[in-house]
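Undergrad: These protein sequence lines map, in sequence, to chains A and B. Plus 737 on top of the position in the first sequence (first one is 1) and you've got the numbering used here. Plus 737 on top of the position in the second sequence (first one is 1) and you've got the numbering used here. Even for Gly, the Cβ is constructed at its ideal location relative to N, Cα and C.
Protein chains: 2
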Amino acid sequence: MDRLLQSVQIRINEKLFLKDPESSDLGRKIIEISIQMINEIGFENFTFKKLGMQIGSNESSIYRYFENKHKLLLYLTSWYWGWMEYQLVFATNSIKNPKEKLLKSILIITREVKEDSSFSHINEVLLNKIVINEYSKSYLTKEVDTENKEGFYAIYKRLVGRLAEMISEVDEEYEYSTSLASTILENGLHQHYLKEHFPSLTDCTNKITPTQYLTHLVFNILNNTIDE
Amino acid sequence: MDRLLQSVQIRINEKLFLKDPESSDLGRKIIEISIQMINEIGFENFTFKKLGMQIGSNESSIYRYFENKHKLLLYLTSWYWGWMEYQLVFATNSIKNPKEKLLKSILIITREVKEDSSFSHINEVLLNKIVINEYSKSYLTKEVDTENKEGFYAIYKRLVGRLAEMISEVDEEYEYSTSLASTILENGLHQHYLKEHFPSLTDCTNKITPTQYLTHLVFNILNNTIDE
DNA sequence: CAAATATAATAGTAATACTATCATAATATA
DNA sequence: TATATTATGATAGTATTACTATTATATTTG
Numbered sequence: 738m739d740r741l742l743q744s745v746q747i748r749i750n751e752k753l754f755l756k757d758p759e760s761s762d763l764g765r766k767i768i769e770i771s772i773q774m775i776n777e778i779g780f781e782n783f784t785f786k787k788l789g790m791q792i793g794s795n796e797s798s799i800y801r802y803f804e805n806k807h808k809l810l811l812y813l814t815s816w817y818w819g820w821m822e823y824q825l826v827f828a829t830n831s832i833k834n835p836k837e838k839l840l841k842s843i844l845i846i847t848r849e850v851k852e853d854s855s856f857s858h859i860n861e862v863l864l865n866k867i868v869i870n871e872y873s874k875s876y877l878t879k880e881v882d883t884e885n886k887e888g889f890y891a892i893y894k895r896l897v898g899r900l901a902e903m904i905s906e907v908d909e910e911y912e913y914s915t916s917l918a919s920t921i922l923e924n925g926l927h928q929h930y931l932k933e934h935f936p937s938l939t940d941c942t943n944k945i946t947p948t949q950y951l952t953h954l955v956f957n958i959l960n961n962t963i964d965e
Numbered sequence: 738m739d740r741l742l743q744s745v746q747i748r749i750n751e752k753l754f755l756k757d758p759e760s761s762d763l764g765r766k767i768i769e770i771s772i773q774m775i776n777e778i779g780f781e782n783f784t785f786k787k788l789g790m791q792i793g794s795n796e797s798s799i800y801r802y803f804e805n806k807h808k809l810l811l812y813l814t815s816w817y818w819g820w821m822e823y824q825l826v827f828a829t830n831s832i833k834n835p836k837e838k839l840l841k842s843i844l845i846i847t848r849e850v851k852e853d854s855s856f857s858h859i860n861e862v863l864l865n866k867i868v869i870n871e872y873s874k875s876y877l878t879k880e881v882d883t884e885n886k887e888g889f890y891a892i893y894k895r896l897v898g899r900l901a902e903m904i905s906e907v908d909e910e911y912e913y914s915t916s917l918a919s920t921i922l923e924n925g926l927h928q929h930y931l932k933e934h935f936p937s938l939t940d941c942t943n944k945i946t947p948t949q950y951l952t953h954l955v956f957n958i959l960n961n962t963i964d965e
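Structure, rendered in structure tokens:
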């Protein structure tokens with residue numbers, strides 16, 4: 738990715754933290770190491786106590802940044818989707834042709850992240866893995882409706898909206914652009930997960946990517962409607 | 738559903754329980770009430786202690802049936818997929834026409850369960866909701882690979898396999914039958930969830946069902962291929 | 001240099017996720 | 001019917017989690 742991201746900051750809902758982790762060394766360390774740890778031991782086994790030990794800091798200090806680990810997960814995944822949105826807009830902005838634009842967007846959204854921008858303390862490769870493994874847990878909760886009202890999923894929703902719009906621009910007759918957009922986002926992650934843990938449940942392999950599968954799917958649906 | 742289910746038992750992997758809950762009153766009560774409770778308070782807030790209090794039984798007695806709540810969730814969701822498979826096979830067995838067969842299968846798999854068979858202690862309406870809200874949590878864990886080897890996801894995998902075969906029978910040229918099958922299963926649940934909690938992320942409503950969306954999607958992909 | 005602020009250290013609480021032990025109730029078998 | 005077996009219940013106990021509160025000590029800023 739380009740260097741622009743160095744100076745561009747991704748704006749996260751302020752209710753997700755008590756103190757902005759971007760505002761101090763400790764805060765950035767919390768983000769950096771929590772990404773490593775959640776990726777390694779999984780969100781369930783991850784605790785602020787363990788994080789404190791790894792950082793060489795204190796549990797209570799971490800609690801001054803984040804109320805709990807659920808909010809931290811929401812922070813990290815929001816950052817990820819914000820980063821994704823930035824790339825999407827940046828890469829497709831100049832593309833006039835709607836099909837080409839959608840094609841590019843699907844690529845950006847469903848590809849495996851393989852390179853860390855290595856400018857910031859945020860490792861995007863690991864964060865991509867975390868999103869694949871843990872994102873669902875951030876909304877499959879009893880608190881989802883109140884948290885949705887608080888705007889905790891705003892960036893993700895905006896991203897789905899953008900994609901849905903691009904779909905409509907390719908085929909304005911298609912009636913399910915929003916559902917299809919959410920399917921691309923969500924099933925993109927899911928196919929990556931299946932590839933890794935349930936290879937018998939997907940055709941995706943090292944040669945066939947989720948991007949190929951979903952691109953083929955989308956472009957065979959659009960401008961191509963037979964009614965049942 | 739027909740009365741056959743009264744006598745048909747769904748076979749669950751024996752490693753999922755310490756003592757078969759179908760073998761006693763207490764066991765059946767555990768299943769019955771845990772379905773109600775998980776549906777009400779969510780899997781995270783659900784504990785064996787609370788379950789014991791509701792049943793009027795003892796925490797330690799429940800631990801004699803299930804090692805932990807994760808295994809109980811695997812038991813419940815396995816039962817659900819086994820029940821789904823039974824309905825699928827039963828309802829499509831006699832259908833010769835591949836398209837008709839696939840159409841029926843997608844309906845069965847993606848529809849909202851609205852009627853409890855009310856023969857057994859298992860409430861399928863609630864169980865369907867639990868699967869929508871909690872199924873991902875049963876495999877998005879660090880233990881997924883060992884548990885997969887133990888066969889804990891066998892029924893679900895068999896179901897995806899059956900659906901993939903039906904897809905191939907409609908269009909043997911289609912290269913992503915397995916991925917598409919897993920997409921139908923998983924995204925079917927997801928669209929139901931979105932409909933309930935993120936209506937802006939789906940076109941599904943009370944009038945447009947996930948079944949309609951996915952049926953349209955599948956039949957516009959098959960026998961209809963344009964290559965990129 | 002003083003004041004303000006951030007972090008660290010320690011302690012403490014309630015709940016969770018169990019394990020272990022022993023008592024009692026229900027059932028099966030001799 | 002007495003006895004052995006098995007199932008369940010009651011109680012206690014442990015380690016960990018998910019915090020909150022307090023006080024001490026750095027570090028930064030005015």
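Are there 16 or more other CB atoms within 10 angstroms of the CB of T1053 of chain B, so buried, or fewer, so exposed?
TA: Limits of chain B in this structure are 738 at one end and 965 at the other, which puts residue 1053 of chain B out of reach.
Undergrad: Rounded to a whole number of angstroms, what is the C-alpha to C-alpha distance between E871 of chain A and F956 of chain B?
TA: Numbered from 1 along the first sequence, position 134 holds the residue referred to as residue 871 of chain A. Numbered from 1 along the second sequence, position 219 holds the residue referred to as residue 956 of chain B. Cα to Cα, the separation comes out at about 32 Å.
Undergrad: State the start and end residues of the unbroken alpha helix (DSSP H) segment that holds N834 of chain A.
TA: By one-based count along the first sequence, residue 834 of chain A stands at place 97. It is not in any alpha helix (DSSP H) - N834 of chain A carries neither H nor E in the DSSP assignment.
Undergrad: Any residues in the segment 921-938 of chain B with a beta carbon nearer than 8 Å to a beta carbon of chain A? Which ones, in chain order?
TA: E923, N924, H927, Q928, Y930, L931, H934, F935, S937, L938
Undergrad: Whole angstroms are fine: how far does the CA of H953 of chain B sit from the CA of D964 of chain A?
TA: Locating residue 964 of chain A in the first sequence gives position 227, where the first residue counts as 1. Locating residue 953 of chain B in the second sequence gives position 216, where the first residue counts as 1. Note that D964 of chain A scores a pLDDT of 48, beneath 50, so its modelled location is shaky; the value from the coordinates is reported in the next line. Whole-angstrom Cα-Cα distance: 7 Å.
Undergrad: Can you give me the C-alpha to C-alpha distance between L863 of chain A and N776 of chain A, rounded to a whole angstrom?
TA: If you number the first sequence from 1, residue 863 of chain A lands on position 126. If you number the first sequence from 1, residue 776 of chain A lands on position 39. So the two alpha carbons sit approximately 6 Å from each other.
Undergrad: What does the Cβ neighbour count give for I768 of chain A, buried or exposed, with the cut at 16 atoms within 10 Å?
TA: Translated into positions along the first sequence, residue 768 of chain A becomes position 31. Buried, because 16 or more other Cβ atoms sit within 10 Å of the Cβ of I768 of chain A.
Undergrad: Using a beta-carbon distance cut-off of less than 8 Å, what residues from the segment 894-911 of chain A approach chain B?
TA: K894, V897, G898
Undergrad: Could you work out which residues of chain A lie near G779 of chain B, taking near to mean beta carbons separated by less than 8 Å?
TA: Residue mapping note: residue 779 of chain B aligns to position 42 of the second sequence, counting from 1. Those within 8 Å of G779 of chain B in chain A are T878, K879.
Undergrad: Between the Cα of D762 of chain A and the Cα atoms of A:L809, A:I792, A:I772, A:N782, which residue gives the shortest distance?
TA: The residue labelled residue 762 of chain A in the question sits at position 25 within the first sequence. Cα-wise, what sits closest to D762 of chain A is A:I792.
Undergrad: DSSP state of D964 of chain B, grouped into three classes?
TA: Sequence index remark: in the second sequence, residue 964 of chain B carries index 227 (1-based). With a pLDDT of 48 at D964 of chain B, under the threshold of 50, the modelled position of this residue cannot be trusted; read the value that follows with caution. In this structure, D964 of chain B counts as coil in the three-state DSSP scheme.
Undergrad: By Cβ distance, which residues of its chain are closer than 7 Å to K786 of chain B, with the 5 residues on each side in sequence left out?
TA: Start at 1 with the first residue of the second sequence, and residue 786 of chain B comes out as number 49. Taken in chain order, the residues that qualify are E796.
Undergrad: Closest to W820 of chain B by CA distance: which of B:N865, B:K756, B:A918, B:L917 is it?
TA: Mapped onto the second sequence, residue 820 of chain B falls at position 83. Comparing Cα-Cα distances from W820 of chain B to each of B:N865, B:K756, B:A918, B:L917, the minimum goes to B:N865.
Undergrad: Taking the beta carbon of L959 of chain A as the centre, do at least 16 other beta carbons fall within 10 Å, making it buried, or is it exposed?
TA: Position 222 of the first sequence, counted from the start, is the residue given in the question as residue 959 of chain A. With 16 or more other Cβ atoms from the protein chains shown falling within 10 Å of its own Cβ, L959 of chain A counts as buried.
Undergrad: Quick check on DSSP: helix, strand or coil for D882 of chain A?
TA: Stepping through the first sequence from its first residue, residue 882 of chain A is reached at position 145. It is helical.
Undergrad: What is the DSSP secondary structure of Q746 of chain A, reduced to helix, strand or coil?
TA: As a working note, residue 746 of chain A is residue 9 in the first sequence. Judged by DSSP in its simplified three-state form, Q746 of chain A adopts coil rather than helix or strand.
Undergrad: Along the segment 753-770 of chain B, what residues have a CB closer than 7 Å to any CB found in chain A?
TA: From the segment 753-770 of chain B, no residue has a Cβ closer than 7 Å to chain A.
Undergrad: Please confirm if E852 of chain A has its CB atom under 9 Å from at least one CB of chain B.
TA: As a working note, residue 852 of chain A is residue 115 in the first sequence. No - not a single Cβ of chain B is within 9 Å of the one on E852 of chain A.
Undergrad: Touching or not, the segment 927-947 of chain B and the segment 911-927 of chain A, by the rule of three or more beta carbon pairs under 8 Å?
TA: yes
Undergrad: Exposed or buried, which one is P936 of chain B when buried takes at least 16 other CB atoms within 10 Å?
TA: Counting from 1 along the second sequence, the entry for residue 936 of chain B is found at position 199. By the neighbour-count criterion, in which a residue is buried when 16 or more other Cβ atoms sit within 10 angstroms of its Cβ, P936 of chain B is exposed.
Undergrad: Could you name the residues of the same chain whose beta carbon sits closer than 7 Å to that of G925 of chain A, not counting the 5 residues immediately before and after it, in chain order?
TA: Indexing the first sequence from 1 puts residue 925 of chain A at position 188. Cβ neighbours of G925 of chain A beyond the five flanking positions: I846, T847, P947, L951.
Undergrad: List the residues of chain A that S916 of chain B touches, going by C-beta distances under 7 Å, in chain order.
TA: Residue 916 of chain B sits at position 179 when you count from the first residue of the second sequence. Simply Q928, T939, D940, C941, Y950.
Undergrad: Between the segment 890-906 of chain A and the segment 824-844 of chain A, can you find at least three pairs of beta-carbon atoms closer than 8 Å?
TA: yes
Undergrad: Going by DSSP in three states, L900 of chain A sits in which element: helix, strand or coil?
TA: The residue labelled residue 900 of chain A in the question sits at position 163 within the first sequence. Three-state result, L900 of chain A: helix.
Undergrad: If contacts are defined as beta-carbon pairs under 8 Å, then L877 of chain A and K808 of chain A qualify, I think. What distance do you get, rounded to the angstrom?
TA: Translated into the one-based positions of the first sequence, residue 877 of chain A becomes position 140. Translated into the one-based positions of the first sequence, residue 808 of chain A becomes position 71. With a Cβ gap of about 16 Å, L877 of chain A and K808 of chain A do not count as contacting.
Undergrad: What would DSSP say about N951 of chain B, mapped onto helix, strand or coil?
TA: Against the second sequence, residue 951 of chain B aligns to sequence position 214. First, the amino acid is wrong: residue 951 of chain B is Leu here, not Asn. Assignment of L951 of chain B by DSSP, reduced to helix, strand and coil, places it in the helix class.
Undergrad: Less than 9 Å separating the beta-carbons of I904 of chain B and Y893 of chain B?
TA: Here residue 904 of chain B is taken as the residue at index 167 of the second sequence, counted from 1. Here residue 893 of chain B is taken as the residue at index 156 of the second sequence, counted from 1. Contact: no.
Undergrad: Quick check: what's the CA-CA separation for G888 of chain A versus D882 of chain A?
TA: Here residue 888 of chain A refers to the residue found at position 151 when the first sequence is read from its first residue. Here residue 882 of chain A refers to the residue found at position 145 when the first sequence is read from its first residue. Roughly 10 Å separates the two Cα atoms.
Undergrad: Inspect the beta-carbon positions of S771 of chain B and L813 of chain B and report whether they are closer than 9 Å.
TA: Walking along the second sequence from the start, residue 771 of chain B turns up at place 34. Walking along the second sequence from the start, residue 813 of chain B turns up at place 76. Result yes, Cβ atoms of S771 of chain B and L813 of chain B sit closer than 9 Å.
Undergrad: Mind listing the chain B neighbours of K874 of chain A? Cutoff is C-beta to C-beta under 8 Å, in chain order.
TA: Working through the first sequence from its first residue, we reach residue 874 of chain A at position 137. Those are S873, K874, L877, listed as they occur along chain B.
Undergrad: Quick one: what's got a C-beta closer than 8 Å to M774 of chain B's C-beta in the same chain, skipping five residues either side?
TA: In the second sequence, counting from the first residue as 1, residue 774 of chain B sits at position 37. Apart from the 5 residues on each side of it in sequence, M774 of chain B sits with its Cβ closer than 8 Å to the Cβ of F783, K787, L788, Q791 in its chain, given in chain order.
Undergrad: Rounded to whole angstroms, what's the CA-CA distance from P835 of chain A to T939 of chain B? Just pull it up for me.
TA: Here the question's residue 835 of chain A lines up with position 98 in the first sequence. Here the question's residue 939 of chain B lines up with position 202 in the second sequence. Approximately 21 Å between the Cα atoms of the pair.
Undergrad: If we count the other Cβ atoms within 10 Å of its Cβ and call it buried at 16 or more, is E861 of chain B buried or exposed?
TA: Mapped onto the second sequence, residue 861 of chain B falls at position 124. Label assigned to E861 of chain B: buried.
Undergrad: If I follow the unbroken alpha helix (DSSP H) through N776 of chain A, where does it start and stop?
TA: Your numbering for residue 776 of chain A matches position 39 in the first sequence. Taken as a continuous stretch (DSSP letters only), the alpha helix (DSSP H) holding N776 of chain A covers 762-778.
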